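The numbering of the sequence shown is our numbering, which starts it at 5 and goes up by one.
Just so it is clear, CB atoms sit at the ideal spot from N, CA and C, and this is done for glycine as well.
These numbers were taken from a predicted model, which means no experiment stands behind them.
Here the structure is laid out as structure tokens; the discussion comes afterwards.
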Amino acid sequence: MSTGNADTVAPLRDFVVEMTKLVNLETKENKLLSEGTGLLKNLIKTDSWLPEFCTIPHPEFYQQFLLHADPLGKFSVVSFVWGPGQKTPIHDHCVWGLIGMLRGMEKGQRYKQLPSGELIQDGPETLLRPGDIEAVSPTIGDIHVVSNAVPDQTSISIHVYGANIGAVKRHTYDPSTGKTKDFVSGYSSKQIPNLWDRSAEVRATL
Ligand code: FE
5 MSTGNADTVA
15 PLRDFVVEMT
25 KLVNLETKEN
35 KLLSEGTGLL
45 KNLIKTDSWL
55 PEFCTIPHPE
65 FYQQFLLHAD
75 PLGKFSVVSF
85 VWGPGQKTPI
95 HDHCVWGLIG
105 MLRGMEKGQR
115 YKQLPSGELI
125 QDGPETLLRP
135 GDIEAVSPTI
145 GDIHVVSNAV
155 PDQTSISIHV
165 YGANIGAVKR
175 HTYDPSTGKT
185 KDFVSGYSSK
195 QIPNLWDRSA
205 EVRATL
């Protein structure tokens with residue numbers, strides 16, 4: 005039996021444990037993405053595990069709360085919090101990424117860069133609803149723009165990346181020229197959820 009705050013976060017801890025096993029066993033990107041999708045789908049079935057401080061929008065900027073970074077930098081998990089009207093620049097990731105919609109809705113448009121440098125839309129605009137997952141990577145298509153699809157509410161998606169994404173040099177793209185600029189996304193908070201306090205659970209067995 006389990007009680008207390010440490011257990012609220014149990015689905016995230018379980019996800020981190022399973023992802024850690026996956027990234028250490030599997031090196032093929034397509035397998036990582038398909039098995040990671042299954043794990044993320046399971047995580048976003050419920051949303052009560054997400055700590056309150058990782059759900060708070062900023063009036064101006066979309067927020068990226070770090071939920072977990074693998075000690076060896078093999079993956080990271082981030083809570084993306086979108087206020088009304090907030091949107092990313094066109095950007096890439098330079099590593100694989102999975103986006104799982106938790107609350108609200110998110111719009112996405114993918115792009116391809118032609119050898120001339122010009123950016124063209126790659127498929128139609130997509131809409132993610134709670135439970136939906138999308139994948140990006142340099143192999144399957146890595147350039148997109150994302151925005152909150154709900155005009156008057158906060159939306160939240162859980163992102164998993166194949167590196168400590170706050171330490172990856174990647175790029176934004178000028179929509180008209182395709183010119184790139186280096187950027188590093190960083191994190192919105194110095195705090196991360198405490199996944200590892202299991203004392204209440206153990207004390208309950210005393
Ligand atoms: Fe992205």
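Closest to residue i by CA distance: which of the options is it?
| i | options | result |
| --- | --- | --- |
| residue 108 | 156, 208, 16 and 68 | 156 |
| residue 43 | 20, 64 and 158 | 20 |
| residue 82 | 118, 30, 195 and 145 | 195 |
| residue 113 | 146, 142 and 121 | 146 |
| residue 99 | 206, 144, 204 and 87 | 144 |
| residue 117 | 209, 57, 65 and 184 | 184 |
| residue 193 | 65, 50 and 31 | 65 |
| residue 187 | 57, 95, 84 and 67 | 95 |
| residue 73 | 172, 207, 208 and 205 | 172 |
| residue 87 | 39, 62 and 207 | 62 |
| residue 211 | 181, 34 and 85 | The structure shown has nothing for residue 211, since the chain only spans 5 to 210. |
Classify residue i as helix, strand or coil using the three-state DSSP reduction.
| i | result |
| --- | --- |
| residue 146 | coil |
| residue 34 | helix |
| residue 3 | This structure cannot settle anything about residue 3, because the visible part of the chain is limited to 5 through 210. |
| residue 166 | coil |
| residue 105 | strand |
| residue 185 | strand |
| residue 91 | strand |
| residue 194 | coil |
| residue 123 | strand |
| residue 24 | helix |
| residue 18 | helix |
Determine whether the beta carbon atoms of residue i and residue j lie at a separation below 9 Å.
| i | j | result |
| --- | --- | --- |
| residue 103 | residue 140 | yes |
| residue 89 | residue 152 | yes |
| residue 164 | residue 92 | no |
| residue 27 | residue 36 | yes |
| residue 46 | residue 15 | yes |
| residue 70 | residue 191 | yes |
| residue 48 | residue 106 | yes |
| residue 24 | residue 79 | yes |
| residue 110 | residue 159 | yes |
| residue 4 | residue 166 | One cannot answer for residue 4 here, as it falls past the ends of the chain, which runs 5 to 210. |
| residue 41 | residue 137 | yes |
Tell me whether residue i, by its Cβ, gets closer than 8 Å to a heavy atom of the ligand FE.
| i | result |
| --- | --- |
| residue 103 | yes |
| residue 188 | no |
| residue 176 | no |
| residue 143 | no |
| residue 140 | yes |
| residue 150 | yes |
| residue 62 | no |
| residue 184 | no |
Within 9 Å (strictly less), CB to CB, does residue i reach chain C?
| i | result |
| --- | --- |
| residue 25 | This model lacks chain C altogether, as it is built from one protein chain only. |
Using 8 Å as the cut-off, can you tell me whether the stretch 113-127 makes contact with the stretch 194-209, which would need three or more C-beta pairs spanning the two stretches below that distance? no
Three-pair Cβ contact test at 8 Å for the stretch 129-138 versus the stretch 175-190:
no
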